[in-house]
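Visitor: Below is one structure. I have some questions about it.
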Amino acid sequence: GPGEYPYLIKHILECEFYLLEIMDCCLIIYHPYRSLDMYTREFQIDQQLFEAAWRIINDSLKTDAPLLYPPYEVALACLLLAATYRDKMAILKQYMIDAQIDVERVYEVVKLVLKYYELMTTYDADPPNDGKQIKELLSKIPKPKIIPNESSRPSSQPNEQQIQGTIGQQNNNNNTTTATTNNNNNNNNNNNNNNNNHNNNNNNNNNNNNN
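If you use the UniProt record's numbering, the sequence shown corresponds to residues 1 to 211, in order.
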């Protein structure tokens with residue numbers, strides 16, 4: 001019908017093959033986190049600024065920046081955004097000048113991230129329909145259902161049957177140990193009696209020889 005989505009799965013697959021061809025089948029993307037660690041040590045960035053830049057890098061992964069720019073430029077752009085109202089801005093700008101980094105490219109990454117933030121704050125602005133169209137689309141997205149399987153989850157506390165079984169097993173082990181000890185004592189007594197009888201027989205033989 002006229003309201004149906006015009007593209008089919010085969011169209012999407014065809015576009016994906018075109019994209020792979022353009023990218024020369026290179027799907028390896030290097031994250032900017034390592035570059036951020038290097039800048040943190042070099043510029044002696046405090047923990048609060050480091051965490052803010054890290055979160056901005058997380059958001060940059062939702063843009064095209066990782067596909068279009070090298071990791072160090074993305075890391076610098078996110079660090080600039082995080083340091084906008086701090087005293088590190090001048091140091092970062094001077095570093096880019098001394099290292100002959102293309103400042104324009106870094107600010108292109110900044111624009112991409114800012115555009116993403118703007119989209120996140122205005123995506124549901126739909127004046128003609130009062131945001132109803134976007135809300136209807138979001139409501140159609142299936143929500144995951146997580147059903148915990150209690151039977152497959154072992155309990156950290158033993159139940160009463162387990163306790164009784166353990167006690168019974170210990171009692172059986174104790175009884176077995178006691179019976180074994182008694183048998184050993186009986187065997188030792190029998191051996192002692194046999195030795196005594198043997199000694200008596202030897203004494204009798206000696207007496208007979210003397211007579």
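Note that beta-carbon positions come from the ideal geometry of N, C-alpha and C, so glycine has one too.
#1: Here's the rule: buried if 16 or more other CB atoms are within 10 angstroms of the residue's CB, otherwise exposed. What is residue 245?
#2: Helix, strand or coil: how does DSSP classify GLN161 here?
#3: What does the alpha-carbon distance come out to for the pair GLN133 and LYS62?
#4: Near PRO66, what residues of its chain come up, given a Cβ to Cβ distance below 6 angstroms and the 5 sequence neighbours on each side ignored?
#5: Taking ASP102 as the reference, which of PRO70, PHE43 and TYR117 has the closest Cα?
#6: Just the Cα atoms here: how many angstroms apart are residue 280 and LEU137?
#7: First and last residue of the alpha helix (DSSP H) that includes residue 238?
#8: Return helix, strand or coil for ALA99, following the three-state DSSP convention.
#9: Within a Cβ cutoff of 8 angstroms, which residues of the same chain sit near ARG153, ignoring the five residues on either side of it in sequence?
#10: With 16 other CB atoms within 10 Å as the buried threshold, where does SER35 fall?
#11: State the Cα-Cα distance for the pair PRO89 and TYR117, rounded to the nearest angstrom.
#12: Three-state secondary structure (DSSP) at HIS31?
#13: DSSP state of TYR5, grouped into three classes?
#14: For TYR5, count neighbouring Cβ atoms within 10 angstroms of its own Cβ and tell me buried if that reaches 16, exposed if not.
Guide: Result, derived from the coordinates:
#1: This structure cannot settle anything about residue 245, because the visible part of the chain is limited to 1 through 211.
#2: Caution is warranted here: a pLDDT of 48 is assigned to GLN161, below 50, making its placement in the model unreliable, and no coordinate value can be reported.
#3: Answer to the nearest angstrom: the Cα atoms are 23 angstroms apart.
#4: ILE29
#5: PRO70
#6: What the structure shows of the chain is the stretch from 1 to 211, and residue 280 is not part of that stretch, so it cannot be assessed.
#7: A question about residue 238 goes unanswered here, because the residues of the chain that appear run from 1 up to 211.
#8: In the structure shown, ALA99 sits in coil (DSSP, three-state: anything other than H, G, I, E or B).
#9: The predicted model places ARG153 with a pLDDT of 37, which falls under 50 and marks its position as unreliable, so this point remains unresolved.
#10: buried
#11: Checking the displayed sequence, the identity of residue 89 turns out to be Met instead of Pro. Rounded to whole angstroms, the separation of the alpha carbons of TYR117 and MET89 is 21 angstroms.
#12: Reduced to three states, the DSSP call for HIS31 is coil.
#13: coil
#14: exposed
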